[in-house]
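Participant:
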Amino acid sequence: MTEKGEANRVAPKEKSLSHKMTKEQKDQLEALFTEEDLKDTQCGLGPCKSKWLQGMFFTYSVSVLSTIEKRFKLTSKETGILLSGNDISQVLLAIFLGYYGTFGHRPRWLGVGALFTAASCFTAGLPHLIYGTGKDAIAAAEAVTIHKNVPFLSNLTNLKYTCQGGQGGAYVGPIILLFIAQFFVGIAISIFFSVGVTYLDDNVNKKTYPIYYTMTMLLRILGPVFGFFIGGRCLSIWIDLSKEPNIDKEDPRWLGAWWLGFVFIGFALVITSLPLFLFPRKLPATLRREGKRMLRQADKDKKEGRNRGVDYFVSLAKTKKEEAKPTLKNLLVALKRLFTNKIWTGNLFSATVSLLAVSGYWSFKPKYLENQFRKSAAEANYYTGMASLFVTVVGAIISGSVMRWLRPGPRLVTGYNIFITFFSCLGFVSLMFIGCPKLEVIGPMDGSVVPPCSADCGCSDKFTPVCAQDKITLFYSPCYAGCSQEDLTAKPIEYSSCRCIANSSTPFHYGNFSTPIPKHDWGTATRGYCPEPCNGFFYYFLVEIIIKTVTSTSRIGNSIVLLRAVSQEDKGLSLGTVTVFISLFAFIPAPIIMGAIIGK
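Going letter by letter, the sequence shown gives residues 1 to 600 in the UniProt record's numbering.
This is the structure:
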């Protein structure tokens, strides 16, 4: 089939077939198929013989990323490498899974994919089971005497936590386990994206496919969105369920129960995978459509005077099916067909470049919100989930409705995708100019000073920000503010007898250090960041919602172009090859590049 002919299949306009058939027609239709053909439509596994799954693993992993970094002292570059584990497995296996899975029992392949995702969840939670909560969490949960005098927090250094999670490399075991977890989920993604999509496309009417695909896409969207919400909820729970910490959730040293969501999602996936094994190889309606197509071919052949009979077309279909059996030779031939298809190739490179640009941002977005807008990990994940839920649902519904009822042609769909790409680029560039002012922190940071009043305190380099009583001046830690008392009953925790803070509402200036503050004028500080009049997050959130709403309206059309641009037998391989390309040239390098940039 020519490229033009294939592309025109984006919005099929063939006459709809009546579902009402005479008994003679039904008998004729059933006679076309063998017992083996009819067996493929039977539900059940063995003597008894269901479908569905939505994974939250990836977005939950992203939502707890910064907490994992803090717990295991990982650098952003190391976590970027961890996130690329699922893409490595896709690069190695997606082509073969997409090609061979298309010819196998696809619902059972999907069931196996769901079990791989469950295994990923349990493996990702293992580091907590093996290594526990960590020394920092234990220290934060220890009881401390209220209003205890300490020599400039020499006894409180164990309560502080690093801002960026250490120098990395502190734990090798968790890195290996988390990488394996990502590797497993990559196998599952390969199966879902290639085998699952083609099973749906082959078993529904082409006219109603946009609606069905929209419904499945909404479910696939809700899974990741719920992943962010679950991440936010779990991070608001202390990492050790049996203890009550002496710090609140707003404290930068807070460690949430990052492992809890993995356990919950893992068990949910095991349960939902079971019905997938019960679905038939193909639905009965699909077999009827195949039979009607052969009857139409025979009728057309008769009108043209050749009259070769329906048996000829049944035999021809079986011959094609036999010749298309999965072999290494046929795989190479099919790959050649794909890469000589200009429409498919252009779409492939466009998707790869676009995802290279956005996937790194998506992986580190919660961490970006934490640092740029001073949002907690839980807050960052809730906002991310809210934005994704709203825009993707609206965009998918609009896109699916347009494709189903207006049925635009391939040229219009492709042109709209190009417009969306430019719009997305401009939108993300605009986000670069929205933020909050850079924090002026007094302590061991570039461009700052170490106050003489706390220079001899032997302060740790661990980041525990405190805000002076002027509500403007931010110190690196209570130690650098010269504080010697703390009140754990206050919310937030309050420090007093701070020799670097004057008991005044006058804003602090570096020059104030030149003269020691008398003891009776020592001021106070509270744990956490100072309140700041920054509306940047609101505008950032608003612009991002607009960008995502508009860009999500192209997803259904783009997916249909990808499927209709290739022949029936190449659909699974097509999607598998796309997975390899976007993994190898987008998803793998993007988090590593972004992690290295953030780490600097």
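Glycine residues also receive a C-beta, built at the ideal position from the N, C-alpha and C atoms.
Helix, strand or coil for GLY5 per DSSP?
Facilitator: At GLY5 the pLDDT is 45, less than 50, meaning the model places this residue with poor confidence and gives no usable figure here.
Participant: When the distance is taken between beta carbons, is LEU335 closer than 9 angstroms to THR577?
Facilitator: yes
Participant: Report the rounded CA-to-CA distance for SER460 versus VAL441, giving the unit in angstroms.
Facilitator: 15 angstroms
Participant: Under 8 angstroms by Cβ, that's how I've got ALA298 and GLY309 pegged, so tell me the actual separation to the nearest angstrom.
Facilitator: 6 angstroms
Participant: Is the number of C-beta pairs between the region 119–133 and the region 251–264 that are closer than 8 angstroms three or more?
Facilitator: Because the criterion of three Cβ pairs below 8 angstroms is met, the region 119–133 and the region 251–264 touch.
Participant: Just to check my reading of the structure: VAL580 and GLN90 have Cβ atoms closer than 8 angstroms, yes? What is that Cβ distance to the nearest angstrom?
Facilitator: About 6 angstroms separates the Cβ atoms of VAL580 and GLN90, confirming a contact at the 8 angstroms cut-off.
Participant: Would you say the region 409–428 touches the region 216–232, given that touching needs at least three Cβ pairs under 8 angstroms?
Facilitator: no
Participant: To the nearest angstrom, how far is the alpha carbon of PHE313 from that of GLY360?
Facilitator: Taking the straight line from one Cα to the other gives about 51 angstroms.
Participant: So, using beta-carbon positions, are ALA114 and THR352 closer together than 9 angstroms?
Facilitator: Not in contact: ALA114 and THR352 (Cβ atoms no closer than 9 angstroms).
Participant: Would DSSP call GLU244 helix, strand or coil?
Facilitator: coil
Participant: Counting only the same chain and skipping the five closest in sequence on each side, list residues whose C-beta sits under 6 angstroms from that of VAL185.
Facilitator: Within the same chain, VAL185 has close Cβ partners PHE57, ASN86, THR117, SER120.
Participant: Restricting to Cα atoms, I'd like to know which of SER454, PRO451, ASN535, GLY400 is closest to GLY435.
Facilitator: ASN535
Participant: Beta-carbon separation of GLY98 and LEU431 under 9 angstroms?
Facilitator: no
Participant: Return the chain-ordered ranges of every beta strand (DSSP E) run that is complete within the region 509–566 and spans a minimum of 3 residues.
Facilitator: Fully enclosed beta strand (DSSP E) runs of 3 or longer: 522–527.
Participant: Would DSSP call SER460 helix, strand or coil?
Facilitator: coil
Participant: Taking DSSP as the reference, what is the three-state secondary structure of LEU439?
Facilitator: LEU439: coil per DSSP, three-state reduction.
Participant: Where ASN330 and PHE463 are concerned, what is the direct C-alpha to C-alpha distance, given to the nearest angstrom?
Facilitator: 59 angstroms
Participant: Considering only the beta carbon of each residue, do ARG374 and LEU439 sit closer than 9 angstroms?
Facilitator: yes
Participant: Three Cβ pairs or more, each shorter than 8 angstroms: is that satisfied between the region 64–82 and the region 582–600?
Facilitator: yes
Participant: Counting C-beta neighbours from all protein chains within 10 Å, is the total for VAL62 16 or more, i.e. buried, or is it exposed?
Facilitator: buried
Participant: Does the separation of the CB atoms of THR67 and LEU255 fall below 9 angstroms?
Facilitator: Taking 9 angstroms as the Cβ cut-off, THR67 and LEU255 qualify as a contacting pair.
Participant: For GLN469, which three-state DSSP category applies?
Facilitator: coil
Participant: Which residues in the same chain as LEU82 place their Cβ atom closer than 7 angstroms to its Cβ, once the five residues preceding and following it in sequence are excluded?
Facilitator: ILE175, LEU178, PHE179, GLN182
Participant: Within the continuous beta strand (DSSP E) that includes GLU494, where are the two ends?
Facilitator: 494–502
Participant: How would you write the range of the alpha helix (DSSP H) that GLN182 sits in, first residue to last?
Facilitator: Annotation: the continuous alpha helix (DSSP H) that includes GLN182 extends over 173–191.
Participant: Leaving out five residues before and five after GLY523 in sequence, what residues of the same chain have Cβ atoms less than 6 angstroms from its Cβ?
Facilitator: Excluding sequence neighbours, GLY523 sits near GLN469, CYS498, ILE501, ALA502, ASN503.
Participant: Quick check on DSSP: helix, strand or coil for PHE373?
Facilitator: Annotated three-state conformation of PHE373 is coil, per DSSP.
Participant: Tell me which residue opens and which closes the beta strand (DSSP E) that ASP487 is part of.
Facilitator: 485–487
Participant: Mind checking which residues open and close the alpha helix (DSSP H) that includes SER120?
Facilitator: 106–131
Participant: Evaluate ILE517 with the Cβ neighbour count: other Cβ atoms within 10 Å of its Cβ, from every protein chain shown; 16 or more gives buried, anything less gives exposed.
Facilitator: buried
Participant: Would you mind sorting ASP446 into buried or exposed? The rule is 16 or more other CB atoms within 10 Å of its CB.
Facilitator: exposed
Participant: Exposed or buried, ASP201, counting other C-beta atoms within 10 Å across all chains shown (16 or more means buried)?
Facilitator: buried
Participant: With DSSP run on the structure shown, which of helix, strand or coil describes ALA596?
Facilitator: helix
Participant: What would DSSP say about PHE279, mapped onto helix, strand or coil?
Facilitator: It is coil, neither helix nor strand.
Participant: Given that a residue counts as buried once 16 or more other Cβ atoms are within 10 Å of its Cβ, and exposed if not, what is ASP521?
Facilitator: Under this definition ASP521 is an exposed residue.
Participant: Who does TRP362 pair with in a DSSP beta bridge?
Facilitator: Answer by DSSP bridge pairing: none, since TRP362 is not bridged.
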